[in-house]
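Notes follow the structure.
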Amino acid sequence: MNLVRYSHFIRNVQNPTVIVSFWGRLQSSFTTTINHDKDPSSSASFDDYPSSELVGYLVSSCGLPSEAAAGICRKLGSRASVQKARMIIDFLKESGVSDVHVRKAITISPILLSSELEKTVKPKVRAFLDWGFSARDVGQIISMNYRILRSSLEKKIMPVVSELRAFLPNDKRAFVSMKNFFFCSLLGHDVEKSIGTNLSALRRLGVADRSLSTLLIHWPMLLGRKPCALEKMVERVKELGIDKDSLMFPYALFTVSTMTKPVWDAKVDVLKGAGWTQENILLAFNKYPLFMTISASNLKKKLEYFDQELGFKPSRLAANPTRLLFSIEKRVTPRLAVRKILISKKVLKEREGSLAILDMKKDRFYREYVLKHKDKYPDILE
């Protein structure tokens with residue numbers, strides 16, 4: 109399989125920001141439940157008269173609205189302490205954590221403000237900084253993952269780091285894996301044990317080391333799943349026609365991990381409603397599994413656009429499903445508009461297809477079709 113045309117997508121999933129964005133959407137349906145059911149500060153008895161001193165401090169030091177600050181104090185109840193809060197917040201700021209991340213962290217997990225600085229907070233923040241994480245990275249981690257600062261450094265966090273480093277001796281790749289894991293994982297029960305167990309199980313099932321490396325770099329949180337759940341996902345990928353030694357196997361495993369069978373079936377119904385056959389669907393999934401991570405509503409919208417505006421039939425899209433991940437508003441429509449202008453100016457010929465323009469990288473498109481002609485035809489900049 110020629111993976112060159114997919115390389116820009118594959119590089120995108122190496123970007124922790126992309127991964128964070130995607131995984132955040134996946135977790136959104138249960139984040140509220142976790143925050144309130146698992147964080148002890150969320151279930152603390154509410155004090156009708158929160159400490160005015162602490163409220164004032166949170167407003168002045170973090171820029172929190174007074175109502176939000178009062179809510180945090182109520183959740184802390186008798187554990188509210190201006191002195192502890194000041195020590196925690198001062199330390200985080202001195203470590204380079206931004207006000208935005210501090211605000212988000214204490215809002216999601218108010219109990220952070222009653223934590224022991226020397227015993228609980230400082231060792232973990234310093235460990236992440238020592239491992240090469242930036243202050244911004246640390247801010248993102250503690251503001252997105254309230255369990256981090258409540259998890260044992262020696263018994264949970266460090267074993268995870270050791271497992272990732274053991275399999276990925278390359279420092280840069282191991283660091284990317286660590287970032288992706290701590291940005292996304294909720295550090296559930298026995299996650300530090302599950303990683304090694306799952307790696308061994310996947311090897312026994314015949315998954316190639318290159319696929320395991322891809323999983324660890326892009327989606328290490330998958331290996332923190334319960335082994336029985338991961339084995340079921342492997343079987344599901346096999347049912348969909350992707351062999352364990354395929355380069356697309358890790359991408360397929362991630363894709364099936366993001367949705368339940370009813371959600372998958374709803375997307376299949378959308379595809380079949382647009383004229384796709386089961387063979388078209390399996391071909392597309394084998395070509396680039398990540399196209400199935402698109403929501404059913406967005407998938408329907410894109411299928412209609414490619415059919416009605418461009419005349420793309422199912423077989424054509426199935427042969428290169430990466431195009432379904434293109435943004436209609438930000439990529440497809442603007443590029444086709446530029447092409448139309450250049451055809452009207454006799455710069456391009458009508459037979460010069462739209463596919464090359466749609467598929468090429470952003471920098472090349474801008475250089476060859478916009479920058480090259482903008483002085484003579486300034487309307488292409490619109």
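Everything in the sequence shown is counted per this note's numbering, starting at 109 for the first residue and increasing by one.
For every residue, glycine included, the Cβ atom is placed at its ideal position computed from N, Cα and C.
CB-CB length for residue i against residue j, believed under 8 Å
i, j, result
"residue 466", "residue 434", "7 Å"
"residue 546", "residue 189", "An answer regarding residue 546 cannot be provided, because it is not within the stretch 109 to 490 covered by the chain."
"residue 345", "residue 361", "5 Å"
"residue 275", "residue 315", "That pair is no contact at about 13 Å."
"residue 240", "residue 283", "6 Å"
"residue 264", "residue 226", "Between residue 226 and residue 264 the Cβ distance is about 19 Å, and since that is not below 8 Å, they are no contact."
"residue 302", "residue 334", "7 Å"
"residue 243", "residue 205", "6 Å"
"residue 163", "residue 181", "6 Å"
Simplified DSSP state of residue i, which is helix, strand or coil
i, result
"residue 372", "helix"
"residue 355", "coil"
"residue 148", "With a pLDDT of 45 at residue 148, under the threshold of 50, the predicted position of this residue should be treated as unreliable, though the coordinate-derived value follows. Helix, per DSSP."
"residue 277", "coil"
"residue 314", "coil"
"residue 209", "helix"
"residue 472", "helix"
"residue 130", "Its pLDDT being 46, under 50, residue 130 is placed unreliably by the model, and the measurement read from it follows with that caveat. Reduced to three states, the DSSP call for residue 130 is helix."
"residue 456", "coil"
"residue 156", "With a pLDDT of 47 at residue 156, under the threshold of 50, the modelled position of that residue is not reliable, and the figure given next carries that caveat. Correct three-state label for residue 156: coil."
"residue 438", "helix"
"residue 433", "helix"
"residue 175", "helix"
"residue 487", "helix"
"residue 420", "coil"
"residue 332", "helix"
"residue 141", "The predicted position of residue 141 is uncertain, since its pLDDT is 38 and thus under 50; a value taken from the coordinates is nonetheless stated next. Of the three classes helix, strand and coil, the one that applies to residue 141 here is helix, per DSSP."
Residue i, buried or exposed, once every other Cβ within 10 Å from all chains shown has been counted against 16
i, result
"residue 215", "buried"
"residue 248", "buried"
"residue 392", "buried"
"residue 183", "buried"
"residue 229", "buried"
"residue 66", "The requested residue 66 is not part of the displayed model; the chain covers only 109 to 490."
"residue 288", "buried"
"residue 383", "exposed"
"residue 145", "For residue 145, the pLDDT reaches just 41, beneath the cut-off of 50, and the residue's location in the model is therefore unreliable, although a value from the coordinates is still provided. Classification of residue 145: exposed, given that the 10 Å Cβ count is below 16."
"residue 336", "exposed"
"residue 332", "buried"
"residue 426", "buried"
"residue 401", "buried"
"residue 440", "buried"
"residue 174", "exposed"
"residue 388", "buried"
"residue 160", "exposed"
"residue 343", "exposed"
Residue range of the alpha helix (DSSP H) that includes residue i
i, result
"residue 298", "From DSSP, residue 298 is part of no alpha helix (DSSP H); its letter is neither H nor E."
"residue 231", "230-238"
"residue 227", "That residue, residue 227, is in no alpha helix (DSSP H); it is neither H nor E in DSSP."
"residue 198", "190-202"
"residue 218", "Residue 218 -> no alpha helix (DSSP H), and no H or E assigned at all."
"residue 392", "386-395"
"residue 367", "Looking at the DSSP string, residue 367 is not in any alpha helix (DSSP H), and its letter there is neither H nor E."
"residue 252", "243-252"
"residue 465", "462-467"
Closer than 8 Å to chain B by CB, residue i
i, result
"residue 306", "No chain B appears in the structure shown, which is made up of a single protein chain."
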